[in-house]
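**Student:** Mind looking over this structure? Questions follow.
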Amino acid sequence: MMNKNDKPGASPVPDNQAARLREIEPFYVMEILERAFALEHAGRSVIHLEVGESDFPTPAPVVEAGMQALREGKTRYVQALGIDALRERIAARYPSACRPPPGRVAVTPGSSGAFQLIFGSLINAKDEVLLTDPGYPCNANFVRLYEGVPKLVACDAAAGYQFTAQAIETAWTERTKAVLIGTPSNPTGTAVPPDEMTRIVETVDRLGGTLIVDEIYHGLTYGSDVRTALYDTDRVFIVNSFSKYFGMTGWRVGWLVMPSAFIDGITKLAQNLFISTNTPAQYAALRAFEEDVIAELERRRDVFRQRRDFLLPALRELGFKVPVTPEGAFYVYADCSAFTDDSYAFAVDVLESTGVAITPGKDFGRYRQNEHVRFSYANTQDNLERGVERLAQYLRS
Ligand SMILES: Cc1ncc(COP(=O)(O)O)c(C=O)c1O
2 MMNKNDKPGA SPVPDNQAAR LREIEPFYVM EILERAFALE HAGRSVIHLE VGESDFPTPA
62 PVVEAGMQAL REGKTRYVQA LGIDALRERI AARYPSACRP PPGRVAVTPG SSGAFQLIFG
122 SLINAKDEVL LTDPGYPCNA NFVRLYEGVP KLVACDAAAG YQFTAQAIET AWTERTKAVL
182 IGTPSNPTGT AVPPDEMTRI VETVDRLGGT LIVDEIYHGL TYGSDVRTAL YDTDRVFIVN
242 SFSKYFGMTG WRVGWLVMPS AFIDGITKLA QNLFISTNTP AQYAALRAFE EDVIAELERR
302 RDVFRQRRDF LLPALRELGF KVPVTPEGAF YVYADCSAFT DDSYAFAVDV LESTGVAITP
362 GKDFGRYRQN EHVRFSYANT QDNLERGVER LAQYLRS
């Protein structure tokens with residue numbers, strides 16, 4: 002994440018810079034964030050609806066467990082795939098019908114670390130990976146980093162902005178190696194229905210590819226629980242994290258569940274890439290599974306649901322189109338074509354005029370990116386109400 006004082010793009014590109022770096026896209030929201038910081042510095046009030054992390058602090062018992070670990074000197078390297086106790090607790094979190102053995106669980110430096118292990122152990126140069134457009138932007142960059150080819154596939158509102166088995170089959174080529182699905186998704190909050198996931202698993206299997214499912218927003222769903230893809234298959238990579246539901250973004254602990262055939266390869270890669278994941282943070286994460294912490298996290302989930310139930314109709318009322326109701330995460334991906342055909346310029350103008358910071362669509366792909374912005378409701382109800390009020394005034398003027 003950017004420091005308030007950092008200036009992106011300030012230095013010239015050096016001659017010896019690797020070609021891949023030119024193809025790695027910046028996070029445009031960082032430009033919005035930087036401008037928001039500058040406005041705040043100048044005394045303006047900014048309402049941050051651009052940020053992709055919970056506004057709740059890490060639960061106190063988790064913080065205490067981290068400090069306890071530090072006091073007890075748990076500050077050394079541990080096993081490359083994580084401490085046994087944490088791998089066991091993570092495995093036990095899955096329903097008994099599809100519970101993986103702890104040996105198939107790897108603890109990673111955030112889910113971002115998990116993606117590096119997965120792509121590093123799966124992708125050869127020029128292998129294609131199918132990604133939803135819109136989708137979480139870092140995925141394409143990870144694929145590129147490992148010399149693969151990210152193939153963005155437009156997923157429209159009719160499909161809930163998600164892959165269908167049919168869309169995967171249509172996009173498949175002989176170079177396709179893997180498909181990545183985020184469910185519920187960032188930026189849309191929409192999820193793949195269980196029957197569609199079953200069809201996707203069958204299709205990817207039949208085509209000889211590998212399925213990767215990012216379940217980082219599991220736990221943050223507001224209707225029925227979204228089912229893990231482990232129900233359908235154990236030949237899948239599942240990615241998850243303590244960042245979102247558990248409110249631990251800065252601790253940098255995530256996990257993956259891998260097919261057993263990959264355990265040795267992933268172990269080698271983890272040893273080399275990370276040695277191990279932050280040790281005190283793993284002990285803190287262990288505490289996050291206790292009943293009192295889960296009760297607090299469930300209370301927070303209810304608060305997120307209430308915020309969604311406020312923000313979604315409020316945005317629709319203002320004239321944003323949101324054709325698919327987000328089921329999870331803390332985002333509303335809104336069509337702003339009633340107001341602009343350049344969502345980046347719109348986001349900048351909204352920020353300058355109203356002090357409301359939102360994320361432009363171009364951070365999430367190319368498909369109708371100019372017609373979309375993402376609102377995050379990881380902010381207090383008061384701030385959401387003030388944000389909507391400011392937007393209403395802006396759009397009226
Ligand atoms: C869909 C998705 N996947 C992965 C990540 C990365 O999360 P972390 O590395 O903190 O676990 C994010 C963060 O915003 C996300 O939205």
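Just so we're on the same page, our numbering is the position in the sequence shown counted from 1, plus 1.
Note that CB positions come from ideal geometry on N, CA and C, so glycine has one too.
In chain order, what residues of the same chain have a beta carbon less than 6 Å from the beta carbon of Pro281, not counting five sequence neighbours either side?
**Tutor:** Gly67, Ala70, Leu71 and Lys75
**Student:** Below 8 Å between beta carbons: does that hold for Ala179 and Gly220?
**Tutor:** no
**Student:** I think Phe28 touches Asp364, with their Cβ atoms under 8 Å apart; what is that distance to the nearest whole Å?
**Tutor:** 6 Å
**Student:** Would you check if there are 3 or more beta carbon pairs closer than 8 Å linking the segment 285-295 to the segment 344-354?
**Tutor:** no
**Student:** Report yes or no: do the segment 168-183 and the segment 110-124 share at least 3 C-beta pairs separated by less than 8 Å?
**Tutor:** yes
**Student:** Short check: CB of Ala271 to CB of Ala86, under 8 Å?
**Tutor:** no
**Student:** Within 10 angstroms of its Cβ, does Asn4 collect 16 or more other Cβ (buried), or is it exposed?
**Tutor:** Residue placement at Asn4 is poorly supported in this model, since its pLDDT is 42, which falls under 50; the coordinates still yield a value, given next. Asn4 is exposed by the Cβ-count criterion.
**Student:** Could you have a look at Ile124 and say whether DSSP puts it in helix, strand or coil?
**Tutor:** Look at Ile124 here: in three-state DSSP terms it is coil, with no helix or strand label.
**Student:** Which ranges would you report for the alpha helix (DSSP H) in the segment 229-299 if only whole runs of at least 4 residues count?
**Tutor:** 264-274 and 280-288
**Student:** Rounded to the nearest angstrom, what separates Arg369 and Arg94 at their Cα positions?
**Tutor:** Whole-angstrom Cα-Cα distance: 38 Å.
**Student:** Nearest to Ser277 by CA position, among Arg300, Ala43 and Val79, is which residue?
**Tutor:** Closest by alpha carbon: Val79.
**Student:** Determine whether the beta carbon atoms of Gly183 and Tyr147 lie at a separation below 8 Å.
**Tutor:** no
**Student:** Considering only the alpha carbon of each residue, which of Asp16, Leu22 and Pro102 lies closest to Ile264?
**Tutor:** Relative to the Cα of Ile264, the nearest Cα in the group Asp16, Leu22 and Pro102 belongs to Pro102.
**Student:** When the Cα atoms are used, what is the spatial distance from Ala348 to Ala315?
**Tutor:** 18 Å
**Student:** What are the boundary residues of the alpha helix (DSSP H) that includes Leu208?
**Tutor:** Counting along the chain, the alpha helix (DSSP H) containing Leu208 begins and ends at Pro195 to Leu208.
**Student:** Express the C-alpha separation of Val30 and Gly248 in angstroms, rounding to a whole number.
**Tutor:** Roughly 21 Å between the two C-alpha positions.
**Student:** Just reading off the alpha helix (DSSP H) that Ser377 is part of, what are its end residues?
**Tutor:** Ser377 -> not in any alpha helix (DSSP H); beta strand (DSSP E) instead, spanning His373 to Ser377.
**Student:** If you measure from each residue's Cβ to the nearest non-hydrogen atom of ligand 1, which ones come out under 6 Å, in chain order?
**Tutor:** Gly53, Gly111, Ser112, Ser113, Tyr137, Gly183, Asn187, Asp215, Ile217, Ser242, Ser244, Thr250 and Gly255
**Student:** Provide the residue span of the beta strand (DSSP E) that contains Val325, from first to last.
**Tutor:** Looking at the DSSP string, Val325 is not in any beta strand (DSSP E), and its letter there is neither H nor E.
**Student:** Which class does Gly114 belong to by DSSP, given the choice of helix, strand or coil?
**Tutor:** helix
**Student:** Using CA atoms only, rank isn't needed, just tell me which of Ile91, Cys99, Phe38 and Glu129 is closest to Ala230.
**Tutor:** Cys99
**Student:** Check whether the segment 326-346 and the segment 366-385 are in contact - that is, three or more C-beta pairs closer than 8 Å.
**Tutor:** Yes, they touch.
**Student:** If we ignore side chains and look at the alpha-carbon of each, how far apart do Gln307 and Glu386 end up?
**Tutor:** For Gln307 and Glu386, the distance between alpha carbons rounds to 12 Å.
**Student:** Are the segment 38-52 and the segment 290-301 in contact at 8 Å, needing three or more beta carbon pairs?
**Tutor:** No contact exists between the segment 38-52 and the segment 290-301.
**Student:** Mind checking Pro15: buried by the 16 CB within 10 Å criterion, or exposed?
**Tutor:** exposed
**Student:** On the DSSP bridge assignment, give the partners of Leu212 in chain order.
**Tutor:** Bridge partners of Leu212: Val180 and Val237.
**Student:** Look at the alpha carbon of Glu318 and the alpha carbon of Arg309, and state the distance between them as a whole number of angstroms.
**Tutor:** 14 Å
**Student:** Glu390 to Ala335, Cα distance in whole Å?
**Tutor:** A direct Cα-to-Cα measurement between Glu390 and Ala335 gives close to 17 Å.
**Student:** For Gly149, count neighbouring C-beta atoms within 10 Å of its own C-beta (all shown protein chains included) and say buried if the count is 16 or more, exposed if not.
**Tutor:** buried
**Student:** Would you mind working out which of Ile267, Glu170 and Arg253 sits nearest Val205, comparing C-alpha positions?
**Tutor:** Glu170
**Student:** Considering Cα atoms alone, identify which of Ala158, Tyr223 and Asn241 is closest to Val108.
**Tutor:** Looking only at Ala158, Tyr223 and Asn241, the smallest Cα-Cα distance to Val108 is reached by Asn241.
**Student:** Are there 16 or more other CB atoms within 10 angstroms of the CB of Ala358, so buried, or fewer, so exposed?
**Tutor:** buried
**Student:** Just mark Gln394 as buried or exposed, buried being the case when its beta carbon has 16 or more other beta carbons within 10 Å.
**Tutor:** exposed
**Student:** Is the beta carbon of Lys245 closer than 8 Å to that of Tyr284?
**Tutor:** no
**Student:** In whole angstroms, give me the CA-to-CA distance for Glu35 and Asp235.
**Tutor:** Spanning the two alpha carbons is a distance of roughly 43 Å.
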